[in-house]
Every structure is written in C-alpha cells, then in structure tokens.
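Participant: Line by line, the protein sequences give chains P and G. Using our numbering, read the first sequence as starting at 1 and increasing by one per residue. Using our numbering, read the second sequence as starting at 1001 and increasing by one per residue. First the structure, which I've put down as structure tokens, then a few questions once you've had a look.
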Amino acid sequence: MRVIQKLGAWLDLRLQLGTPIRETLEHPVPRETASWFYVFGSAALTVFMFQIVTGILLALIYVPSAGEAWNSLQTLNHGISLGWFIRALHGWGSNFMVAIVLIHMVQVFLFGAYKFPRELTWMVGVLLLLVTLGMAFTGQVLRFDQDAYWGLGIGASIASHVPVIGPWAVNLMLGGPIIAGATLSRFFALHVFVIPGLLIAFVGLHLLMVLKLGINEWPMPGRIVRRATYMQEYHELTHKQGVPFVPGAVWKDIFFSGFILIAIAVCAVHFGPFGPGGQPDPTIIQTAPRPDFFFLWLYALLSFLPPSAETPILLIGPAIGIIVLLVLPLLASEGEKSWKRRPIAVLTILLIAVALGTLTHLAEHAPWSPVMDAWSSQPIPAEFLEGRTALERHGALVFQVKQCHNCHSLDDKGGQRGPALDKVAVRLTEDQLIRQVIQGGGNMPAYGKNLSPAETSALVAFLKTLHPASQSPARDASRAAVLGPSEVSPR
Amino acid sequence: MNTDNGISRRAALVKLGLFLNGVVGVFLAVPIVRYLFSPVIREKKIGYESWLSLGGLEQFPAGETRLATYRNPVVNAWDGETADIACWVRNVDGQKFQVFAINCAHLGCPVRWFAQSNLFMCPCHGGAYYQDGSRASGPPERGLFQYHYKIDQGNLFIKAGELPTPGRAANTAANTKRGANTCA
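Next up, the structure:
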C-alpha cells in the first residue's frame, strides 16, 4: 500500500491532476438528479468509447479499397477467429449509440435542460447528434456491399439537386466521376479520422460545460428559470441540498452503462454481424437496396414526396430542422422547465416520434416498391380461378405474364404499389377497367401499347370476376337503359 | 532602450511572426485546396468521358432490350468491380438504338427491364418507365438517362464515364428524341 501511495504522490507532484480530478468527482449535484433519467449521456459516452475500441480492432483487418473491402469483411466474418463478433459488436454498438443519443436528446429536451445557462451545451449536443448520424451513414458505406454502393448513388443523386454546384458536389462526394475506389477511401477517411475527431472535440466541449455549469436540476412545475436569479438558485440546490457526484449519483451511470454494454454483446452474439450483403458489383442489378435502420424513415419519405416538392424539401428541410434545433435554446432560454407545464414540447416529441416510427415501419415493408418477382413466384390463388370461363382464365394468365401482380395484390399476395384488386369489379365498371388498363393514370403506367385487343378483353373479363359473392359488380346504369337488361347482366 | 519600446517592438515581432505564418498558410492552402478539389478540376480534362464499346450489334436483336456492361474509362487499379457499369440497350428497329443508364432518374437505384410488360421498374421507390425510357409512374421527375451512341464497324459505342444523376444529366442525352438523333 505504501508503495502505491508513494508512487501516487510522485506522479501527482509532476502531473498536478489529483486535486482537479477529486474536485470533479466530488462536485455537488442536485439530490434529485441522482436518477435513472440522468444516465443516458454517460451511456452515450461509454458506447462511443466502446466504438473507438472495436473500430480500431476492425481496422487491423479491414482494407479500405473498393476492390478488396468486401473480401476483407468476408475474412473478418469467416477467416479470423471471432472476427464476426467484433464486427457484430461494432455494428450493434452503432445502433445503440444512435438510439441512446436520441433518447438523451429527448430527455434533456423534456427536462428543459437547454434553458439558461446551458444553451451552448444543447447546441453542441445538436452537433453531436449530427456527427453521430454522420458516423452511422459513413459506417454503412464502409460495409461495402450492394446496399452501400446504391446508397452512395442515392446520396449522389440527392447532392446533385443542389442548385448550381450540384454536379461538382457529386464529384467531390464521390472523389471522381463514378462510385469507385476513391469514394470508399474518402468515406474511410471521414469515418475513421475526420468525424471521430469532431466527435471527440464536441464531446470534450459538451462534458466541460456540463461540469462547469452543473447538471440540469430536476424540473419542478412552477420553478421558473430567470436569468437574474437562476445561478443563485442552482447554487443553493447543489451546495445546500446536493450530494457529491461520486458516489451519490455515479453508481446509476455505471450500472446503466454496464447494462448497455451487456445488451450490445447479447445482440452481437444472438443476431450476429450486419452483412455484408451482396458484392458491390454494379452489374448485378437484381438487388433492392435498403438503408440501415436509422435511415429507413428517410427512405420512406423519399418515396412519398411528390416530385415537385422533392428538391426543396430535401435541401431546405434538413437545414431548417438543424437551424430550429440550434436556435431553440436562444428562443426559449427562460421559463418553465417541467414537461408537465410544456404541452407543446410533449406533443412535438410525440408527433416526431409517431412520424418517424410510422415512416420506419412503412419502409420495412416498402409498399411503394413493386414486388419484382411476384409475377413469376406468387401464383394467383385458386379461389380466383375456380369456375371461371376460358376467357377469364386467359385473363388471369395475362395478369401474371404482364406483371400486373408486381404492383397489385390478390388475397394479400403480390405488390402493394397499386390498389389491391380482390374487389376491383365492385369499384370499376367494365369500361372504366378498360380505360384504366389502356390509359393508365393515377400512378399506373398505360398498357395500351403492350396489350393486344384480345389480351385486354381477356384481362378485363378476369378483372370483372373480382368481387365478393355477396356483392354484384359495378355496372353502368346508362348502358342498361340503352342496351336492355339482357345485354349487361352480371355474372 | 526603454520598456515601452521593448514592449511595442515585441508586440510588433509577434504580429510579424503571425503575418509570416499567415503568408505560409496561404501558400500551403492553395495546393491543399487544389488537392481536395481535384475530383472537380479533373472533370475538365479530355478523356473523362469516352466512347466505349458495348460489343457487336449481333448481341442486341432488333426490337429487344438487353443488359450490357462496360468498364469505366477512368479507373484506378483498386476500383475492382465497381468500375464495371451496366446499361440497358434497346434496339428500336434494327437501325435506331437507345442506351439507357442503369440508374433510376429518381435517386439512382438500378432499374430492371420487364420484357413482358415492356416496362422498366425500380426496386427502391417504385419508379416505372416505358420501353422508350419515358416516365410511366412513380416519383421520377423525368425519363431514364440516355447515353449518346454511335455504330462503328458493327460495334455499338456509347459516350460514358460518369454516374448520371438528376442534377447533372447534361452529359447524357437529355431526352428521348435528342438521344436517338444525336449520333448514329
């Protein structure tokens, strides 16, 4: 013991760090902040450090070359002892980090922590969110598979929308005229040097301000933040009623961080590493690129935006969002902190959560994408064929061969790009069916040039049978009046 | 030498030192910026886009649309398979051709050709195009990108070399009519 004490004293005389460290550890915090609600920031920091370690371990093997990256990932997965586990830890760590950063952000927003004097802490936090998402996106590119390749194409397409400098922005992003070796190299530099550097710098600033200004006190309804009096009030909360950070509050942080690390490890063991998917060979076009989980909402949004709104929303939307987040603490630096008295804040969070959740859920099913192989892999259910005439069955064949099934479902099988056709005969008369098939419209291609008159007749004959037994098909009342009831009798 | 002079002289030396560093900084910044922007500057060089052979005409029967691949003209040794690019070749009537980029005009995903329904469909956001490349439905604002083409000694050539994107389609034939008439 005495040797250790002597060594400590020897080091401290030279480093002079003992006192500041002790002061930092023992600084008083408001009693109520020793809470399970205050553990997300430290957990995010823990996961970030975990990502640095696992990232360095991966860099020992990974080759940031367009020609070799995919092979080196295969080697990591299959050729190196427990390489798959390190990849899985890094991949799941990434997901947990984004999730924890988002939860942390929601918590400090609802607890009013961005108000005076912590405005700048929040702003740096917003930058931390952006660089965290930047890490997630660039990391997805380093997993250099088909999704990464076509994801880069989507990124380039979005960048090309920027007025005037768009074409140059694309070349700058790709490092050349196409997605190739230079592209991967620069995303590697971003993911491994540039963004982590920013992340470390911002984390340092963020932590420094948390320590200097003190952790946000537990918000009490009615306790109003005023510039003139806040510092004095906070001083009383910490120095008269507070507890030392160590050990008063820190044990919950330690427990939660440990729990998160265990959760990452469990996910890594149970679910394994992410990909890589197919080889990044652009001549293999049988692929349906999907982004990683935290960008799925964007993927869904891109399919719903009308073409005319796409460029403004893609380019101006994120800028407005970031500016709103950055200036929020300046606009609302005083006032009520408690979420119980800030209904708009709570509603905003709920609205954003529901919107992102819905878009993410939709993107997991991608109902807007045609099911590319439905026409050849999903037969028409038998109940739609039984008791039909030869012409109607021929129409069913046309329905399959002309890939109608890729966009239209029958009995929940097939694409969902267009409406389900199980009951289409109830909605559309024969003439309307013919017009819709030949002219298209309402987001359906026109098939007039692709169907012979015989094929159209057969197809429409089949479509006319698609109605429940209890419901008669739609018919044109005027035709009955002109032709007489015998000519237009339904099946 | 009095103190005032000493301080002002040292202050002047500090300023001079900072100024010198500033000059050096500018001198270094020029090559660094040029290095960083080399992908943009290089675009101006001849040969960035070249005539590339897609193979003999016999591979592209009249009235059909076939997948073709080419090696990008500007490559590095470590580009691997990423420099192999696919495109769709439509032989309209034995005389006229259309060569479409594989990239959807919406956000660049690879479109697939369905000969039975004469449609190109995109797997990402559901864009669809007719056989002549014009927009049929979905989020794309325009038809498929087309390459300029020419036929030389029984081979089909296209002018290619950069990823077509919605904002910089100027280097590919802008629309169906112009594309079909440009070369050949």
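Cβ atoms here follow ideal geometry from the backbone N, Cα and C, with glycine treated the same way.
Give the DSSP-derived three-state secondary structure of Ile1085(G) in the structure shown.
Facilitator: Three-state result, Ile1085(G): strand.
Participant: Rank Tyr1070(G), Val1089(G), Gln1095(G), Asn1091(G) by C-alpha distance to the C-alpha of Ala1083(G) and give the top, closest one.
Facilitator: Of Tyr1070(G), Val1089(G), Gln1095(G), Asn1091(G), the residue nearest in Cα terms is Tyr1070(G).
Participant: Return helix, strand or coil for Leu1054(G), following the three-state DSSP convention.
Facilitator: Strand, per DSSP.
Participant: Identify the residues that DSSP records as bridge partners of Lys1150(G): which are they?
Facilitator: For Lys1150(G), which the question treats as bridged, DSSP gives the partners Phe1157(G).
Participant: Please list, in chain order, all residues of the same chain as Pro468(P) whose beta carbon is under 7 Å from its beta carbon, the five residues on each side excluded.
Facilitator: Result list for Pro468(P): Lys423, in chain order.
Participant: Could you check if His239(P) is buried or exposed, using at least 16 other CB atoms within 10 Å of its CB as the buried criterion?
Facilitator: Burial call: exposed.
Participant: Is Gln1116(G) close to chain P? Criterion is C-beta to C-beta, closer than 8 Å.
Facilitator: True, the Cβ-Cβ gap to chain P drops below 8 Å.
Participant: Determine, using beta carbons only, whether His1148(G) comes closer than 8 Å to chain P.
Facilitator: So no, His1148(G) is outside the interface.
Participant: Could you tell me which chain P residues have their CB closer than 8 Å to the CB of Arg1112(G), listed as they occur along the chain?
Facilitator: Those are Ile285, Gln286, Met372, listed as they occur along chain P.
Participant: Which residue spans inside the stretch 139-209 of chain P form an unbroken alpha helix (DSSP H) run of at least 4?
Facilitator: Runs found: 146-160, 166-174, 181-189.
Participant: Between the stretch 1094-1103 of chain G and the stretch 380-391 of chain P, do three or more beta carbon pairs fall short of 8 Å?
Facilitator: Touching, no, given that fewer than three Cβ pairs across the two stretches are closer than 8 Å.
Participant: Does DSSP classify Asn1175(G) as helix, strand or coil?
Facilitator: Note that Asn1175(G) has pLDDT 41, beneath the 50 cutoff, so the model's placement of it is unreliable and the number below is only indicative. It is coil, neither helix nor strand.
Participant: From which residue to which residue does the alpha helix (DSSP H) around Ala363(P) run?
Facilitator: Ala363(P) -> alpha helix (DSSP H) spans 343-365.
Participant: For the beta strand (DSSP E) that contains Phe1114(G), what are its first and last residues?
Facilitator: Its beta strand (DSSP E) spans residues 1112-1114.
Participant: Give the secondary structure of Ser472(P) by DSSP, where H, G and I count as helix, E and B as strand, and everything else as coil.
Facilitator: Looking at Ser472(P) - three-state DSSP - the assignment turns out to be coil, as it is neither helix nor strand.
Participant: Answer yes or no: does any C-beta atom of chain G fall closer than 8 Å to that of Thr360(P)?
Facilitator: Output row for Thr360(P): interface = no.
Participant: Between the stretch 1135-1165 of chain G and chain P, which residues of the former have CB atoms less than 8 Å from a CB of the latter, in chain order?
Facilitator: Going along the stretch 1135-1165 of chain G in chain order, one finds Ala1136, Ser1137, Gly1138, Pro1139, Pro1140, Glu1141, Gly1161, Glu1162, Leu1163, Thr1165 with a Cβ nearer than 8 Å to chain P.
Participant: Output, in chain order, the set of chain G residues within a Cβ distance shorter than 8 Å of Gln279(P).
Facilitator: Result: Glu1081.
Participant: Under a CB-based cut-off of 8 Å, is Asn1175(G) close to chain P?
Facilitator: Here Asn1175(G) scores only 41 on pLDDT, less than 50, and its place in the model is too uncertain to base an answer on.
Participant: Within 10 Å of its beta-carbon, does Thr33(P) have 16 or more other beta-carbons around it, so buried, or fewer, so exposed?
Facilitator: By the 10 Å Cβ count, Thr33(P) comes out buried.
Participant: Do Leu296(P) and Phe202(P) have their beta-carbon atoms positioned less than 8 Å apart in this structure?
Facilitator: Contact flag unset, no.
Participant: Could you check how far apart the C-beta atoms of Val426(P) and Gln378(P) are, in whole angstroms? I think they sit under 8 Å.
Facilitator: At roughly 23 Å, the Cβ-Cβ gap does not stay under 8 Å, so Val426(P) and Gln378(P) are not in contact.
Participant: What residues from the stretch 166-184 of chain P come within 9 Å of chain G, judged by C-beta to C-beta, listed N to C?
Facilitator: The residues in question are Gly166, Pro167, Trp168, Ala169, Val170, Asn171, Leu172, Met173, Leu174, Gly175, Gly176, Pro177, Ile178, Ile179, Ala180, Gly181, Ala182, Thr183, Leu184.
Participant: Does the distance from the CB of Ser333(P) to the CB of Phe116(P) come in under 8 Å?
Facilitator: Yes, the Cβ-Cβ distance between Ser333(P) and Phe116(P) is below 8 Å.
Participant: Tell me, please, which residues DSSP counts as bridged to Phe1120(G).
Facilitator: DSSP lists Trp1113(G), Tyr1129(G) as partners of Phe1120(G).
Participant: Taking any Cβ of chain G, which residues in the stretch 78-104 of chain P have a Cβ under 7 Å from it, in chain order?
Facilitator: Correct list: empty, as no residue qualifies.
Participant: Note down the Cα distance separating Gly197(P) from Leu1144(G), rounded to an integer number of angstroms.
Facilitator: Rounded to whole angstroms, Gly197(P) to Leu1144(G) spans 41 Å at the Cα level.
Participant: Does the stretch 94-108 of chain P come within contact of the stretch 32-47 of chain P, defined as at least 3 CB pairs closer than 8 Å?
Facilitator: Cβ pair count under 8 Å is three or more, so yes.
Participant: Show which residues of chain G have a CB atom less than 7 Å away from the CB atom of Arg417(P).
Facilitator: What Arg417(P) touches in chain G: Gly1126.
Participant: Identify the continuous alpha helix (DSSP H) that holds Phe245(P) and give its terminal residues.
Facilitator: Phe245(P) -> alpha helix (DSSP H) spans 245-248.
Participant: Check whether the stretch 1049-1057 of chain G touches the stretch 1136-1155 of chain G, counting contact only when three or more Cβ pairs, one atom from each stretch, lie closer than 8 Å.
Facilitator: Flag = yes, the stretch 1049-1057 of chain G and the stretch 1136-1155 of chain G touch.
Participant: Taking Cβ positions, are Asp1079(G) and Ala69(P) nearer each other than 8 Å?
Facilitator: Against a cut-off of 8 Å, the Cβ pair of Ala69(P) and Asp1079(G) comes out as no contact.
Participant: With a 10 Å radius around its C-beta and 16 neighbouring C-beta atoms as the bar for buried, classify Ser478(P) as buried or exposed.
Facilitator: Burial call: exposed.
Participant: Since Ile438(P) and Thr465(P) are thought to touch, with beta carbons under 8 Å apart, how far apart are those beta carbons, to the nearest angstrom?
Facilitator: Contact doesn't hold; Cβ gap of about 19 Å is too wide.
Participant: With DSSP run on the structure shown, which of helix, strand or coil describes Lys535(P)?
Facilitator: The structure shown does not extend to residue 535(P), since chain P is modelled only from 1 through 491, so no value can be given for it.
Participant: Who are the near neighbours of Leu451(P) in its chain, counting only those whose CB is closer than 8 Å to its CB and skipping five residues on each side?
Facilitator: Cβ within range, chain order: Val398, Lys402, Val437, Ile438, Leu459.
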